[in-house]
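S.K.:
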Amino acid sequence: MSESTPSTARGVVPARDEGIPGVVGTRSGLFGDDHGSAEVSGFGVIDEVVYAPPASAPPYGGWFDLVARRLRQLFPSAVTQVVVYRGEITFYVERRALPDLVRELRDDDTLRFEALMSVSGVHYPAQTGHEFHVVYDLLSMTHNRRIRLETTCPAADPHVPSVTPTYPMANYDEREVWDMFGVIFDGHPGLTRILMPDDWVGHPQRKDYPLGGIPVEFKGAVVPPVDERGGRRP
Numbered sequence: 008m009s010e011s012t013p014s015t016a017r018g019v020v021p022a023r024d025e026g027i028p029g030v031v032g033t034r035s036g037l038f039g040d041d042h043g044s045a046e047v048s049g050f051g052v053i054d055e056v057v058y059a060p061p062a063s064a065p066p067y068g069g070w071f072d073l074v075a076r077r078l079r080q081l082f083p084s085a086v087t088q089v090v091v092y093r094g095e096i097t098f099y100v101e102r103r104a105l106p107d108l109v110r111e112l113r114d115d116d117t118l119r120f121e122a123l124m125s126v127s128g129v130h131y132p133a134q135t136g137h138e139f140h141v142v143y144d145l146l147s148m149t150h151n152r153r154i155r156l157e158t159t160c161p162a163a164d165p166h167v168p169s170v171t172p173t174y175p176m177a178n179y180d181e182r183e184v185w186d187m188f189g190v191i192f193d194g195h196p197g198l199t200r201i202l203m204p205d206d207w208v209g210h211p212q213r214k215d216y217p218l219g220g221i222p223v224e225f226k227g228a229v230v231p232p233v234d235e236r237g238g239r240r241p
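Going by the numbering used here, the letters in the sequence shown line up with residues 8 to 241, in that order.
(1) Could you tell me which uninterrupted alpha helix (DSSP H) segments, each at least 4 residues in length, are contained entirely in the stretch 77–153, listed from first to last along the chain?
(2) Do you know offhand how far V86's Cα is from R34's?
(3) Which of helix, strand or coil does DSSP assign to Y216?
(4) Give the C-beta separation of E101 and R113 to the nearest angstrom, bearing in mind that I take them to be a contact with Cβ-Cβ under 8 Å.
(5) Can a CB atom of chain B be found closer than 9 Å to the CB of E121?
(6) Quick check: the Cα distance between L145 and R153, rounded to an integer number of angstroms?
(7) May I ask you to list the residues that DSSP assigns as paired with D193?
(8) Looking at C-alpha atoms only, which residue of V90, H195 and P61 is the closest neighbour of D253?
(9) Is DSSP giving A59 helix, strand or coil here?
(10) Is L73 helix, strand or coil when you go by DSSP?
(11) Quick one, which of I201, E181 and V74 has its alpha-carbon nearest H140's?
(12) Where T97 and P196 are concerned, what is the direct C-alpha to C-alpha distance, given to the nearest angstrom?
(13) How long is the line joining the alpha carbons of F225 and G94, rounded to whole angstroms?
(14) Given this structure, state the Cα-to-Cα distance separating D115 from D205, to the nearest angstrom.
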């Protein structure tokens with residue numbers, strides 16, 4: 008079996024914590040039946056609760072424990088939580104520790120996560136003080152391992168240190184997270200919009216951003232934007 012999956016887990020490492028996952032928000036307007044209406048856009052009146060998987064406790068299984076131990080040795084207080092879910096491990100880290108932490112992740116012989124595969128943003132309006140999450144997927148080509156880092160920042164202070172000095176490939180991904188969510192990456196060499204026009208106002212993937220849409224007129228009848236059809240709740 009490849010070392011990319013802990014052998015003790017057979018591909019799936021369940022969380023050890025049996026607690027109930029925390030609620031981080033809701034998704035509205037999911038595809039589905041709009042209570043029997045004739046609306047066929049798929050933008051149904053459906054709300055789904057979004058849960059975060061519970062924190063895990065060691066032993067996590069296989070090389071997960073080796074990486075977790077080494078991170079605890081190097082940064083005793085920077086890792087606030089570890090989650091093992093569906094065969095993947097996520098380290099929740101303090102945002103101010105990111106620059107030093109990713110440098111050690113890249114350079115330490117035990118770790119050697121040489122490649123940053125992606126940077127993503129998430130907006131959870133209901134998580135007061137932690138509304139914005141930034142997620143980093145890392146790959147160790149030396150050891151054939153993958154981990155995820157996740158950090159948060161409040162809407163009132165949407166600043167996260169840039170990791171471009173360690174991972175230059177983060178340049179474009181951080182620009183996209185800034186463009187779509189408004190997270191400011193301090194130390195980025197050129198934090199400008201990458202998808203939207205330079206003079207665009209707002210950040211389109213925030214949950215509170217208007218869905219938009221264009222009314223379409225067809226033979227005298229006006230079809231409203233998708234989020235206004237079928238008695239959709241505001």
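Ideal Cβ positions, reconstructed from N, Cα and C, are used throughout, including at glycine.
None of these values were measured; they are calculated from a predicted model.
M.R.: Based on what the coordinates show:
(1) Listed in chain order, the complete alpha helix (DSSP H) runs (minimum 4 residues) inside the stretch 77–153 are 105–114.
(2) In the sequence shown, counting from the first residue as 1, residue 86 sits at position 79. In the sequence shown, counting from the first residue as 1, residue 34 sits at position 27. The straight-line gap from Cα to Cα measures roughly 28 Å.
(3) As a first step, residue 216 is located in the sequence shown; it is residue number 209 there, counting from the start. The answer is coil: DSSP assigns Y216 none of H, G, I, E or B.
(4) The count along the sequence shown starts at 1 and reaches residue 101 at position 94. The count along the sequence shown starts at 1 and reaches residue 113 at position 106. Not really, about 18 Å apart at Cβ, beyond 8 Å.
(5) Chain labels in this structure do not include chain B; a single protein chain is all it has.
(6) The residue labelled residue 145 in the question sits at position 138 within the sequence shown. The residue labelled residue 153 in the question sits at position 146 within the sequence shown. If you take the alpha carbons of L145 and R153, they lie about 6 Å apart.
(7) Position 186 of the sequence shown, counted from the start, is the residue given in the question as residue 193. According to DSSP, D193 bridges with P168.
(8) Outside the modelled stretch of the chain, which goes from 8 to 241, sits residue 253, for which no answer is possible.
(9) One-based indexing of the sequence shown puts residue 59 at position 52. DSSP, reduced to helix, strand and coil, places A59 within a strand of the structure shown.
(10) For the purposes of this step, residue 73 is taken as the residue at position 66 of the sequence shown. Helix, per DSSP.
(11) Numbered from 1 along the sequence shown, position 133 holds the residue referred to as residue 140. The residue with the shortest Cα to Cα distance from H140 is E181.
(12) The sequence position of residue 97 within the sequence shown is 90, counting from 1. The sequence position of residue 196 within the sequence shown is 189, counting from 1. Roughly 27 Å separates the two Cα atoms.
(13) Working through the sequence shown from its first residue, we reach residue 225 at position 218. Working through the sequence shown from its first residue, we reach residue 94 at position 87. The straight-line gap from Cα to Cα measures roughly 50 Å.
(14) Here residue 115 refers to the residue found at position 108 of the sequence shown. Here residue 205 refers to the residue found at position 198 of the sequence shown. The alpha-carbon of D115 is positioned some 39 Å away from that of D205.
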